[in-house]
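Below is one structure, written out as structure tokens; comments come after it.
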Amino acid sequence: MPVAEVSVEINGRKYRMACEDGQETHLSSLATRFNRYIDDYKGTFGEIGDNRLTVMAGIAVVDELVEAERKLDQLRAELQTVTKAGNDVAAEAETMESKFAAKLADVARRIESIATAVDSAGQEPQGNS
1 MPVAEVSVEI NGRKYRMACE DGQETHLSSL ATRFNRYIDD YKGTFGEIGD
51 NRLTVMAGIA VVDELVEAER KLDQLRAELQ TVTKAGNDVA AEAETMESKF
101 AAKLADVARR IESIATAVDS AGQEPQGNS
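First residue of the sequence shown? That's 1 in the UniProt record's numbering, and the numbers climb one at a time after it.
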């Protein structure tokens with residue numbers, strides 16, 4: 001697989017990093033985003049040491065990842081609930097449709113029976129007066 005190299009800057013230091021060919025822009029944007037965490041912590045806590053800033057920024061990123069995973073799990077559970085409810089409604093609609101079709105067939109038979117009786121009554125010979 002072709003490998004590309006990208007130069008990124010984290011906390012004022014340049015790092016050369018390898019990535020898959022075509023992923024250079026993505027890697028650069030990730031580094032820029034991570035560097036924002038470090039800059040935010042610098043602004044909040046001052047110069048507390050490069051390693052501490054990097055660790056704090058890394059933990060913040062992992063915390064966001066864990067929260068995103070939790071939300072994703074919650075959305076999956078909600079989707080499963082909605083899907084089940086949709087399936088239940090579809091099954092209920094199918095049952096109602098079957099019952100309606102059976103009632104309609106029963107009514108059609110009754111109407112046909114009445115029509116036959118009316119036709120038969122109209123064809124009886126009439127007496128001579």
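Built from N, CA and C at the ideal position, the CB exists for glycine as well.
Given the structure is predicted, the values throughout are model-derived calculations rather than measurements.
Could you check what DSSP says for MET17 in three-state terms: helix, strand or coil? strand
Measure the alpha-carbon distance for SER98 versus GLY86 and round it to whole angstroms. 18 Å
Using the Cα positions of ALA115 and ASP106, report the straight-line distance between them to the nearest angstrom. 14 Å
How big is the Cα-Cα spacing for VAL55 and THR95? 59 Å
Tell me THR112's beta-bridge partners as DSSP assigns them. The question names Thr, but residue 112 is Glu in the sequence shown. Note: GLU112 sits in no beta bridge, so no partner.
What distance in whole Å lies between the Cβ atoms of MET17 and VAL6, which are believed to be in contact at a cut-off of 8 Å? 5 Å
Looking only at its own chain, which residues have a Cβ that is under 8 Å from the Cβ of GLY22, when we skip the five neighbours before and after it? ALA4
Who are ILE10's beta bridge partners in DSSP? ARG13
The alpha helix (DSSP H) that contains GLY43, what's its start and end? 24-45
Whole angstroms is fine: what's the gap from HIS26's alpha carbon to THR32's? 10 Å
Alpha carbon to alpha carbon, what distance is there between ILE59 and TYR37? 10 Å
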